[in-house]
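Heads up, the thing below is written out as structure tokens.
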Amino acid sequence: MEYYPGTGRNHLFVPGPSNIPEKVQQAMARNNEDHRSPAFPKFSKSLLEDVKQIFKSKISTSFIFPSTGTGAWEISLTNTLSPGDKILTFRSGQFGVLWIRMMQRLKLDVDVVDSEWGTGVDLGILKKKLDEDSDFAIKALCIIHNETSTGVTNDLAAIRGILDAYKHPALLLVDGISSIGALDFRMDEWKVDVAITGSQKALGLPTGLGIVCASPKAIEASKTSKSIRAYFDWADYLEFYKVGSYWPYTPSGQLLYGLRAALDLILEEGVDNVIKRHHRLGHATRLAVRAWGLQLCTKKEEWYSDTVTAVRVPSHINSGDVVRLAWKKYDLSLGVGLNEVAGKVFRIGHLGFINELQVLAALVGVEMTLRDVGYPVKLGSGVAAAAAYLQHSTPFIASRL
Ligand SMILES: Cc1ncc(COP(=O)(O)O)c(C=O)c1O
């Protein structure tokens, strides 16, 4: 076998961490600075205000925690709930598994609806659960907007509609970690009480910031919630907000300047255009998968995710081999199958700051790899299907008109 040292760029197509744009990298290459200087609050305030545009929220309070998404899960639960509180949630993917494990460790009383991996929230079961809850024992409904392990996006508008139809007062806590900043997300309109994301996904930053928005109802709930919390208590932030200084401890200036640059890029493109771009890339990827004759892990079109495509491989192929080989030979990083779908699924992440040609490059890399592992895909078949669609759907670059 021939080896060569590898050159050019890694094609990073895992569903987070995502590619960090050059402008963001440059913005982060700086010295430390005094976060208690008179200039810092103005800068921090601009971040706290502008992240809310990504969440489509005017009425919530935003927090930027030093954390990963997992910490943001904990923030959402411990600030609003008390041990023993009843939570309703759904499990059909790895991030559901992990969030539920945390809920149980926090001694919350979790009612879990299990369903096949690749499916989303069953709205019929949600209605049935609310039918059975006439005394409003359920204190929170926890939903993963985009289940990254299976490529499933849940219909939050429909879920909110059902809660409203039952006039149910439960808090709506949403994991938007692989959706916010990439998929249609409307915090105020859907009356989401706590929404969270992580910096390494659609925002194209390094891992390290857990961004949380809390509705007025969630802030109210935190005043009586009895879960033990210390470092992740948002009350500490609220105290600092009163005096115009924005962190109770030392924030990473580099990450915050990176966040500023990422927000500038997203706001310049326009949040709705960013969402449309993700739809184009997601749709193009799904067209390629269809042309290869492969199935998605996602069971129904209504759940198709525009940030990650989970592809099922035929049973004689191990999807882990696809991921390993793509990386070893073509410098293409794909997502592995997790837990129940390990070996059966590989994932193509298409979120954050990427464009049409980058996705086409990844698709050709997948085609070559599939042939390498013994799946007889016709070279160019998926790329042709995706390109035919992208050629007609890609808009001009606004600044170059
Ligand atoms: C939907 C979802 N929730 C939670 C997490 C956990 O986030 P982190 O790895 O940043 O702790 C992830 C990570 O991929 C995710 O995709």
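Numbering follows full-length UniProt numbering, with no gaps: position 137 of the sequence shown is 137. Note that beta-carbon positions come from the ideal geometry of N, C-alpha and C, so glycine has one too. This structure is a prediction, so every number in the text was calculated from the model and none was measured.
Within the same chain, show all residues whose beta-carbon is closer than 6 Å to that of residue i, passing over the 5 residues directly before and after it, in chain order.
i, result
"serine 67", "Gly210"
"valine 323", "Leu334, Val336, Phe346"
"serine 393", "Arg280"
"threonine 369", "Val322, Leu325, Ala326"
"histidine 168", "Leu130"
"serine 215", "Ser60, Asp193"
"aspartate 50", "Leu263"
"lysine 52", "Ser62"
"aspartate 85", "Leu108, Lys139"
"tryptophan 234", "Phe63, Asn79"
"valine 311", "Val289, Leu294, Phe346"
Per DSSP, what are the beta-bridge partners of residue i in this structure?
i, result
"phenylalanine 185", "Paired residues: none, contrary to the question."
"serine 333", "Leu12"
"proline 66", "Leu209"
"valine 366", "Its beta-bridge partners do not exist; DSSP assigns none."
"glutamine 295", "Arg312"
"phenylalanine 346", "Val311"
"arginine 91", "Asp114"
"alanine 214", "Thr61, Val194"
"residue 483", "Within the shown structure, residues of the chain are numbered from 1 to 401, placing residue 483 beyond reach of any answer."
"threonine 250", "DSSP lists no partner for threonine 250."
"threonine 119", "Trp117"
Our contact map puts residue i next to residue j with C-beta atoms below 8 Å; I'd like the distance itself, whole angstroms only.
i, j, result
"alanine 202", "leucine 351", "5 Å"
"valine 110", "methionine 103", "5 Å"
"leucine 77", "leucine 106", "6 Å"
"glycine 380", "histidine 11", "With 8 Å as the limit, glycine 380 and histidine 11 do not qualify as a contact, their Cβ atoms being about 18 Å apart."
"tryptophan 303", "threonine 153", "6 Å"
"phenylalanine 353", "leucine 256", "Not really, about 18 Å apart at Cβ, beyond 8 Å."
"threonine 309", "leucine 363", "Not really, about 10 Å apart at Cβ, beyond 8 Å."
"methionine 243", "alanine 72", "Methionine is not the amino acid found at residue 243; the sequence shown has valine there. Not a contact, Cβ separation roughly 25 Å."
"lysine 191", "alanine 170", "About 11 Å; that fails the 8 Å criterion."
"aspartate 188", "lysine 56", "6 Å"
"asparagine 19", "glycine 204", "6 Å"
Look up residue i in the DSSP assignment and say whether it is helix, strand or coil.
i, result
"lysine 45", "helix"
"glutamine 200", "coil"
"lysine 139", "strand"
"valine 194", "strand"
"lysine 86", "strand"
"phenylalanine 232", "coil"
"glutamate 147", "strand"
"threonine 394", "coil"
"leucine 173", "strand"
"tyrosine 304", "strand"
"tryptophan 99", "helix"
"aspartate 109", "strand"
"valine 152", "strand"
"threonine 285", "helix"
"aspartate 131", "helix"
"threonine 78", "helix"
"residue 404", "Any property of residue 404 remains undetermined from this structure, which presents the chain solely from 1 to 401."
"glutamate 220", "helix"
"tyrosine 3", "coil"
Counting C-beta neighbours from all protein chains within 10 Å, is the total for residue i 16 or more, i.e. buried, or is it exposed?
i, result
"threonine 250", "exposed"
"alanine 218", "buried"
"glutamine 200", "buried"
"threonine 150", "buried"
"leucine 126", "buried"
"glutamate 74", "buried"
"valine 383", "buried"
"proline 15", "buried"
"glutamate 147", "buried"
"arginine 30", "exposed"
"threonine 307", "buried"
"glycine 349", "buried"
"phenylalanine 95", "buried"
"tyrosine 237", "buried"
"asparagine 273", "exposed"
"aspartate 175", "buried"
"glycine 270", "exposed"
Could you pull out every residue in the same chain whose Cβ sits closer than 7 Å to the Cβ of residue i, ignoring the five residues on either side in sequence?
i, result
"serine 252", "Pro66, Gly208"
"valine 377", "Trp292, Glu367, Leu370, Arg371"
"alanine 158", "Leu123"
"glycine 374", "Ile317"
"glycine 343", "Asn318, Ser319, Gly320, Gly337"
"valine 121", "Phe90, Ile143, Asn154, Ile159"
"alanine 387", "Leu360"
"glycine 6", "Asp331"
Closer than 8 Å: is that where the CB of residue i sits relative to any heavy atom of ligand 3?
i, result
"glycine 84", "The ligand content of the structure shown is limited to ligand 1, which means ligand 3 is not among them."
In chain order, what residues of the same chain have a beta carbon less than 8 Å from the beta carbon of residue i, not counting five sequence neighbours either side?
i, result
"glycine 8", "Asp331"
"tryptophan 99", "Trp73, Thr89, Cys142, Ile144, Asp175"
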